[in-house]
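Beneath this line is the structure, given in structure tokens, with notes to follow.
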Amino acid sequence: MKKFFAILFLFTFLSSTGFAGEKDMKENNLKWWQCKPVYQVYPKSFFDTDGTGSGDINGITSKLDYLKSLDVGAIWITPVYPSPMVDNGYDIADYTGINESFGSMDDFDKLLAEAKKRDIKIVMDLVFNHTSDKHEWFLESKKNTKNPKADWYIWRDAKDGKEPTNWRAIFGGSAWTWCEERKQYYLHTFAKEQPDLNWNNPDVRRALYDAANFWLSKGVGGFRIDAITYIKKPRTFTDGKPDGKDGTVNIHTMTANQPGILDFLREFKHRVFDGKDIFTVGEANGVSARELPEWVGKDGVFDMLFEFSHVDLPFDAAEIWCYPKEWKLTDLKRALSNSQKATRDNGWYPIFFENHDQPRSVNHFFPEGADPKKAAKALATVLMTMRGTPFIYQGQELGMTNVSWNDIEKYNDISSHGQYEFAIKEGFSPDDAMKFVRYFSRDNARTPMQWNDEANAGFSPEGVKTWLPVNENYKTINAEAEEKDSDSVLAFYRKLGALRRAHETLIAGDYKEIFSDSEEIFAFERSFNGETLTTLVNFSLKPVKVPAEIVNKNLVLSSEKVFDDSELQPLEARIYKIK
Ligand code: NOJ
Numbered sequence: 000m001k002k003f004f005a006i007l008f009l010f011t012f013l014s015s016t017g018f019a020g021e022k023d024m025k026e027n028n029l030k031w032w033q034c035k036p037v038y039q040v041y042p043k044s045f046f047d048t049d050g051t052g053s054g055d056i057n058g059i060t061s062k063l064d065y066l067k068s069l070d071v072g073a074i075w076i077t078p079v080y081p082s083p084m085v086d087n088g089y090d091i092a093d094y095t096g097i098n099e100s101f102g103s104m105d106d107f108d109k110l111l112a113e114a115k116k117r118d119i120k121i122v123m124d125l126v127f128n129h130t131s132d133k134h135e136w137f138l139e140s141k142k143n144t145k146n147p148k149a150d151w152y153i154w155r156d157a158k159d160g161k162e163p164t165n166w167r168a169i170f171g172g173s174a175w176t177w178c179e180e181r182k183q184y185y186l187h188t189f190a191k192e193q194p195d196l197n198w199n200n201p202d203v204r205r206a207l208y209d210a211a212n213f214w215l216s217k218g219v220g221g222f223r224i225d226a227i228t229y230i231k232k233p234r235t236f237t238d239g240k241p242d243g244k245d246g247t248v249n250i251h252t253m254t255a256n257q258p259g260i261l262d263f264l265r266e267f268k269h270r271v272f273d274g275k276d277i278f279t280v281g282e283a284n285g286v287s288a289r290e291l292p293e294w295v296g297k298d299g300v301f302d303m304l305f306e307f308s309h310v311d312l313p314f315d316a317a318e319i320w321c322y323p324k325e326w327k328l329t330d331l332k333r334a335l336s337n338s339q340k341a342t343r344d345n346g347w348y349p350i351f352f353e354n355h356d357q358p359r360s361v362n363h364f365f366p367e368g369a370d371p372k373k374a375a376k377a378l379a380t381v382l383m384t385m386r387g388t389p390f391i392y393q394g395q396e397l398g399m400t401n402v403s404w405n406d407i408e409k410y411n412d413i414s415s416h417g418q419y420e421f422a423i424k425e426g427f428s429p430d431d432a433m434k435f436v437r438y439f440s441r442d443n444a445r446t447p448m449q450w451n452d453e454a455n456a457g458f459s460p461e462g463v464k465t466w467l468p469v470n471e472n473y474k475t476i477n478a479e480a481e482e483k484d485s486d487s488v489l490a491f492y493r494k495l496g497a498l499r500r501a502h503e504t505l506i507a508g509d510y511k512e513i514f515s516d517s518e519e520i521f522a523f524e525r526s527f528n529g530e531t532l533t534t535l536v537n538f539s540l541k542p543v544k545v546p547a548e549i550v551n552k553n554l555v556l557s558s559e560k561v562f563d564d565s566e567l568q569p570l571e572a573r574i575y576k577i578k
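So in numbering that gives the first Met the number 0, spot 464 of the sequence shown is number 463, and the numbers just go up one at a time.
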């Protein structure tokens, strides 16, 4: 016990002195983006400086010191380009502009410059599988079959007077929409307002590379690349085995990760990323952990890949919300450890539990009834001590939680509406359909950032109607309150950040899962240059014995006050060290 307090004291002292033990991370040949967490901002919900009820670029700039205090190396901002906002910016109408609702190009340049002063890079979101149906390329393409851009999208004749295949779009409904002007159907993996580009056309690829290079010439630090596994379509389009009562099949199972996709991506890399001091992270739904080395290894196409096996545990490949599956802690651990193993010798992993498409992690990875504050700290410990670059999603560092709205009309998220309608068509009652929406809706992660306990949680000025309602718990879960509380989730994130800086092992060390059969404890070791740090997290709501081989090691950090060395309290996380 005494030992624990001595270590805790030393730790606090080191944090306050800026870490005497901090090393130059370059010693281990890692790149800048491997050494620090990345913070994801969903600009519409981050901070509203102009009182529109919707966040803006100046809002990000004004919070840079806050982000610096989390020691992030980069900020990934989801799309801020001109867009009709059918999918909140993932429907892009101009790849090289800024949406007026977010500000101007001058605002963006200011953000870049201010971030640079703080040694933070800005990472853009490239949405290259599709554009908006208001993009001038599509407006031209849809006119007829002869125009110069006629072949820039995926057009097909009707089959027997109907859609060419039975594919269902990810947001629901057919993946084909009829265009009266051109008398043909066009394909859209997502909403009908998001037509898929034809990557087989070299002119399309060239135009996309030019857009990416435009942002590189401005000095951005890298790219998150959206929905990239869908860019290559199958050679022939055929019906799939229906997974819905309406005879449709999720397009994902028919088109994701097609053979030959890496040829496109090698060209993309060569024409845009090669030789630049940036990082790339692909969103790769449909790529398995086994395939990671091909995608992110030495000869891979990206630096990192978001694969979804751990966040998708409640679903099969079709991600249908109304048919969730049971899963166990060992499933979660296996999914994460598989990705760790696959990238151990060749590649790097982006560790994430939240983003703008996922429920809040405290409501996703823990048993019902889990205390959200404890759960947030428990997961933060895994996030910040696993091997790879931690991605922190806005509000995760505060322990923000899901919302619970009763009416589908309150939800903005296009996919919540699609999933709701699908559930009703499958025969579920409106009440049941709402249960699925409440649990999985992407709006859970998109409610305004909770800055303080004032009106609108300090996100928008008082009296303004925010674009999504603020989560009711903002009075207690908010950045200002957590700044003042040394036991807050925010304070714990900072401690974990400081620990990463003090122990190169947490950055460069190997990863080995231990006690892998346990359904209560998630545990692993990180080892580097003779030092081993062990992470031990109790994911259950029961106290659990600390395994005998660990109990005598030096405790470096714990998420809860330790009353008993030999027992982990429910949801407690600890980090131990052996020299
Ligand atoms: C993945 C993005 O993360 C999501 O928000 C978006 O709706 C789809 N891709 C379509 O671009």
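We put the CB at the ideal spot given by N, CA and C, even for glycine. Bear in mind the structure is a predicted one, so any value in this text is a computation, not a measurement.
- Under the three-state reduction of DSSP, residue 31 is assigned to helix.
- Taking C-beta atoms as the reference points, residue 558 and residue 379 count as a pair closer than 9 Å.
- Taken in chain order, the complete alpha helix (DSSP H) segments of 4 residues or longer contained in the segment 320–391 are 328–341 and 371–384.
- In chain order, 165 place their CB closer than 8 Å to the CB of residue 246, counting only its own chain and leaving out the 5 sequence neighbours on each side.
- In chain order, 117 and 119 place their CB closer than 7 Å to the CB of residue 67, counting only its own chain and leaving out the 5 sequence neighbours on each side.
- For the options 519, 512, 496 and 313, the alpha carbon positioned closest to that of residue 525 is the one of 512.
- As the crow flies, the alpha-carbon of residue 299 is around 22 Å from that of residue 73.
- For residue 123, the pairing in a beta bridge is given by DSSP as 76 and 222.
- Between residue 43 and residue 404, the gap from beta carbon to beta carbon reaches 9 Å or more.
- In the DSSP assignment, residue 430 falls within the unbroken alpha helix (DSSP H) covering 429–439.
- At least one heavy atom of the ligand NOJ lies closer than 8 Å to the C-beta of residue 441.
- For residue 504, the enclosing alpha helix (DSSP H) has its first and last residue at 504–507.
- Using a Cβ-Cβ distance cut-off of 8 Å, the segment 175–182 and the segment 389–407 are not in contact, since fewer than three pairs of beta carbons, one from each stretch, lie closer than that value.
- Residue 304 places its beta carbon 9 Å or farther from that of residue 258.
- For residue 414, the shortest separation between its Cβ and any heavy atom of the ligand NOJ lies below 8 Å.
- A Cβ-Cβ separation of about 6 Å places residue 371 in contact with residue 398 under the 8 Å criterion.
- Looking at the DSSP output, residue 176 sits in a beta bridge with 185.
- Rounded to whole angstroms, residue 483 and residue 276 show a C-alpha spacing of 37 Å.
- Distance from the Cα of residue 490 is smallest, within the candidate group 220, 375, 442 and 57, for 375.
- Secondary structure at residue 269: helix, using DSSP grouped into helix, strand and coil.
- Looking at 564, 123 and 310, the one whose alpha-carbon comes closest to that of residue 78 is 123.
- Under the criterion of beta carbons closer than 8 Å, residue 452 and residue 415 do not qualify as touching, at roughly 28 Å.
- In the three-state DSSP reduction, residue 493 falls in the helix class (H, G or I).
- For residue 162, no alpha helix (DSSP H) run applies, since DSSP gives it neither H nor E.
- Beta-bridge partners assigned by DSSP to residue 531: 526 and 577.
- Bridge pairing for residue 152: 196 [DSSP].
- Contact between residue 446 and residue 469 holds: CB atoms are separated by about 6 Å, below the 8 Å threshold.
- The residue among 306, 127 and 114 with its C-alpha nearest the C-alpha of residue 218 is 114.
- Cβ contact annotation for residue 190 (same chain, cutoff 8 Å, sequence separation greater than five): 85, 86, 90, 168, 170 and 413, in chain order.
- Membership of residue 304 in the beta strand (DSSP E) is indicated by the continuous run 303–305.
- About 6 Å separates the beta carbon of residue 83 from that of residue 131, a gap short enough to meet the 8 Å contact definition.
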